[in-house]
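J.:
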Amino acid sequence: MMRAIERDPLLAGFYSIGDATRLLGVSHAAKLRGWINGWPNSKSGPIVERDFKQTATVSFLDLMELRFIEYFRSQGVSMPTLRKAADLARQEWSVQHPFALSDVKYLTDRRKVMAQASKAVGDKPTWELVTGQYLIWDAIEASIAKGVVFDPATHLALRWKPRPGDHPDIVLDPARAFGKPLVDSAGIPTDALFRQWKAEDGSFEKVARWFNVSREQVENAVRFELELAN
């Protein structure tokens, strides 16, 4: 089945490196640039096969892969292992974005690919994590899938709630508002509500009347944007 981006590139979602850094809570934007572009003076190329290769723009599926990489790096998985796993998975599964696939569909296959990759590059800690501590591996996969809705046809990430616990009504959907965070129940981007809130000197009531939404929806958007800024 043809992906939405192939039918209409405007459905891919559009994010700057700054957007991705804030949404993923990454401390240094340079790290993400290296993952999508490769590093200067290094033979190591990018780990993510981006949708918009000739621009600085990150697509929604690129963002989901960056999220996967960041999480696994935080668990001690080495970059050579992740790069090797991405290459193996792209070849074996014939898919551009292997780290944006459903854990339910590819849990066993991904474990196998990560084990093969870690063994190939001599990454013993990751090999032991994947092959010997399945409960930990399952917990990692469950954390990665949290807040993500997958397309039942392609098994690729379809929508993402970046803060499902604190902000269950904030969603990123590449088919809406170019993938920018929005209040799901209102269909309004959070940054639009936030900018109006600042223009109205912090009046939630005025913004709610202006957009014909509830005060709670405005407060949720403002809190989300303030958290991103911090």
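Quick note: the sequence shown uses numbering that gives the first Met the number 0, first residue 0, plus one each step. Here a beta-carbon is modelled for each residue, glycine too, at the ideal position from N, C-alpha and C.
For the region 172–182 against the region 117–129, are there 3 or more C-beta pairs whose distance is under 8 Å?
T.: No, because fewer than three Cβ pairs between the region 172–182 and the region 117–129 fall closer than 8 Å, the two stretches do not touch.
J.: Could you give the distance in angstroms between the alpha-carbon of residue 93 and the alpha-carbon of residue 85?
T.: 11 Å
J.: Measuring CB to CB, does residue 76 end up less than 8 Å from residue 65?
T.: no
J.: Suppose the cutoff is 8 Å on Cβ atoms and the five residues either side in sequence are ignored; what does the same chain contact list for residue 78 look like?
T.: 43, 46 and 72
J.: Among 167, 190, 198 and 200, which one has its Cα closest to the Cα of residue 184?
T.: Nearest of 167, 190, 198 and 200 to residue 184, Cα basis: 167.
J.: Hey, out of 13, 148 and 147, whose CA is closest to residue 58's CA?
T.: For residue 58, the nearest C-alpha among the options comes from 13.
J.: Among the residues of its own chain, which have a CB less than 6 Å from the CB of residue 80, if the five just before and after it don't count?
T.: 116, 117, 120, 122 and 125
J.: Return the first residue and the last residue of the beta strand (DSSP E) that residue 47 is part of.
T.: Where residue 47 is concerned, there is no enclosing beta strand (DSSP E), given that its DSSP letter is neither H nor E.
J.: For residue 156, write down the residues that DSSP places opposite it in a beta bridge.
T.: 149
J.: Report yes if the CB atom of residue 192 is closer than 8 Å to the CB atom of residue 156, and no otherwise.
T.: no
J.: Of all the options 202, 214 and 51, which has the alpha carbon lying nearest to the alpha carbon of residue 10?
T.: Residue 51 is the option with its Cα nearest to residue 10.
J.: Would you identify the three-state DSSP class for residue 188, choosing helix, strand or coil?
T.: strand
J.: Just to check my reading of the structure: residue 21 and residue 227 have Cβ atoms closer than 8 Å, yes? What is that Cβ distance to the nearest angstrom?
T.: 5 Å
J.: Measuring only the C-alpha atoms, how far is residue 31 from residue 102?
T.: 23 Å
J.: Would you grab the beta carbon distance between residue 171 and residue 161 for me? Rounded to a whole angstrom, and I think it's under 8 Å.
T.: So it is a contact: roughly 7 Å between Cβ atoms.
J.: With residue 61 as the anchor, note down where its alpha helix (DSSP H) starts and where it stops.
T.: 59–73
J.: Kindly list the residues whose CB is nearer than 8 Å to the CB of residue 218, restricted to its own chain and excluding five residues on each side of it in sequence; keep chain order.
T.: 203
J.: From this set, 112, 27, 74 and 209, which residue's C-alpha is nearest residue 83's C-alpha?
T.: 112
J.: If you follow the alpha helix (DSSP H) that residue 79 is part of, which residue opens it and which one closes it?
T.: 78–92
J.: Could you pull the DSSP bridge partners for residue 169 from this structure?
T.: Paired residues: 182.
J.: Apart from the five residues just before and just after residue 196, which ones in its own chain have a Cβ nearer than 6 Å to its Cβ?
T.: 206 and 221
J.: To which residues of the same chain is residue 216 closer than 6 Å at the C-beta, ignoring the five residues directly before and after it?
T.: 182 and 185
J.: Let's test the definition: count the other Cβ atoms within 10 Å of the Cβ of residue 3 and tell me whether it reaches 16, buried, or not, exposed.
T.: The predicted model places residue 3 with a pLDDT of 49, which falls under 50 and marks its position as unreliable; any figure quoted below should be read in that light. The residue is buried, with at least 16 neighbouring Cβ atoms inside 10 Å.
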